[in-house]
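So the structure is just underneath, and the comments pick up after that.
2 protein chains.
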Amino acid sequence: MAKKVAVLAVNPVNGAGLFQYLEAFFENEIPYKTFAVAETTQIKTNSGISLQTDDVVANLKGNENKYEVLVFACGDAMPKFAENADKIFNQDMLEVIKTFDDNNKILVGHCAAALLYDNLEIGKGKKVALHPFIKSVVKGCIGTDEQSVVDGNIYTAQTENSISALLPNLLKALK
Amino acid sequence: MAKKVAVLAVNPVNGAGLFQYLEAFFENEIPYKTFAVAETTQIKTNSGISLQTDDVVANLKGNENKYEVLVFACGDAMPKFAENADKIFNQDMLEVIKTFDDNNKILVGHCAAALLYDNLEIGKGKKVALHPFIKSVVKGCIGTDEQSVVDGNIYTAQTENSISALLPNLLKALK
Chain C
42 MAKKVAVLAV NPVNGAGLFQ YLEAFFENEI PYKTFAVAET TQIKTNSGIS
92 LQTDDVVANL KGNENKYEVL VFACGDAMPK FAENADKIFN QDMLEVIKTF
142 DDNNKILVGH CAAALLYDNL EIGKGKKVAL HPFIKSVVKG CIGTDEQSVV
192 DGNIYTAQTE NSISALLPNL LKALK
Chain S
42 MAKKVAVLAV NPVNGAGLFQ YLEAFFENEI PYKTFAVAET TQIKTNSGIS
92 LQTDDVVANL KGNENKYEVL VFACGDAMPK FAENADKIFN QDMLEVIKTF
142 DDNNKILVGH CAAALLYDNL EIGKGKKVAL HPFIKSVVKG CIGTDEQSVV
192 DGNIYTAQTE NSISALLPNL LKALK
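What follows is the structure, encoded as structure tokens:
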């Protein structure tokens, strides 16, 4: 049976990244639910389009056991993460990511995803694909120049432009 | 100066396709406006996410001269196009596409875009990239197995998974 996926979408989110995951899940009959990393389900893409997620991250917290996989859809919210790190929705996001990893569930993400994992001391000694700008910033994870990397429960792509390289392995794991 | 782009989004639209164009335009400072091929600006992605476009296609009709490029973002509305061909928004879409071509403006699209062009007798004798299922259906255009093709004013990609192959040439033309 296909694994159930929770998808985190930051605000703003890179729409090309988010929807490469979602359309692939849809086409492969993999069940998913989207959660805004925001106070409401109304968020925007980097490109300025308003969209509505199914729910907000606050309601994923405590319900992590309903899902077997967590996707982190990166976006222009991330370069400003430090100045918003104390927002409740960001704190909830970090807790949710930690809980998925604590239960050894699959973590998926591109671009700055690996930096979040690294800050949470997730993926220690595991190779990751990540944005070239942050390759030298991660400490516990092993930054690479790969387009995509699968190492244990961590599935990462360098940017939204390399999610297509990650999808075949990811879909195989989810089906 | 960058060319102004009008983006048609059918309902439902493939989000991976739509947002690969939009995020690339955003990152390259190419001005764009999105138009739903629908009665309202509230449409859905194939994957079921509600999003809001800037305007509807009815308001692009008669205002084509404000734009130099037309993008057709394909989606699951298209397999059912025949049964909805008489809807005003679809008639408006066809008129708009024809007007852009009549003025020799750039037409961009993936998947079934070339079939629409072909039905409108656009792109006669020009090579196109298009979904493999419809390669043999086009009559005036020359269907190919290419990931992406630029022939004159017609820029096409085989599916949403090959837009990345089209983008470098497209962005060069738009900047």
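Line by line, the protein sequences are chains C and S.
Residues in the first sequence are numbered from 42 upward in steps of one, following our numbering.
Residues in the second sequence are numbered from 42 upward in steps of one, following our numbering.
The beta-carbon is built from N, C-alpha and C at its ideal position, and this holds for glycine as well.
It should be emphasised that the depicted structure is a prediction, and the values quoted were computed from it without experimental measurement.
Residue i touches chain S at which residues, Cβ-Cβ below 7 Å?
i, result
"LEU211/C", "Near LEU211/C there are no residues of chain S at all, since even the closest Cβ is about 14 Å away, more than 7 Å."
"GLN61/C", "ALA57"
Are the CB atoms of residue i and residue j nearer to each other than 8 Å?
i, j, result
"LEU156/C", "LEU171/C", "yes"
"GLY184/C", "GLY164/C", "no"
"VAL149/C", "PHE122/C", "no"
"ILE84/C", "ALA47/C", "no"
"ALA57/C", "GLN61/S", "yes"
"ASP96/C", "LYS74/C", "yes"
"VAL98/S", "VAL54/S", "no"
"ALA214/C", "SER189/C", "no"
"ILE224/S", "VAL169/S", "The structure shown does not extend to residue 224/S, since chain S spans only 42 to 216, so no value can be given for it."
"ASP192/S", "VAL179/S", "no"
"PRO72/C", "LYS107/C", "no"
Give me the Cβ distance between residue i and residue j, rounded to the nearest whole Å; I'm assuming they're in contact under 8 Å.
i, j, result
"ASN104/C", "ALA77/C", "With 8 Å as the limit, ASN104/C and ALA77/C do not qualify as a contact, their Cβ atoms being about 15 Å apart."
"ILE90/C", "LEU101/S", "Contact flag wrong, Cβ pair sits at about 17 Å."
"HIS151/C", "THR94/C", "Not really, about 18 Å apart at Cβ, beyond 8 Å."
"LEU111/S", "PHE141/S", "4 Å"
"GLU64/C", "SER88/S", "5 Å"
"GLU80/C", "ALA43/C", "Incorrect: roughly 31 Å between the Cβ atoms, too far for contact."
Spell out whether any CB of chain D is found under 8 Å from the CB atom of residue i.
i, result
"LEU92/S", "You won't find chain D in this structure, because its protein chains are C and S."
Proximal residues, the stretch 184–216 of chain S versus chain C, C-beta separation under 8 Å:
GLU201, ASN202, SER205
Positions along the stretch 63–97 of chain S whose CB lies within less than 9 Å of some CB in chain C
LEU63, GLU64, ALA65, PHE66, PHE67, GLU68, TYR73, THR75, THR86, ASN87, SER88, GLY89, ILE90, SER91, LEU92, GLN93, THR94, ASP95
Between the stretch 47–59 of chain S and chain C, which residues of the former have a C-beta closer than 7 Å to a C-beta of the latter?
ASN55, GLY56, ALA57
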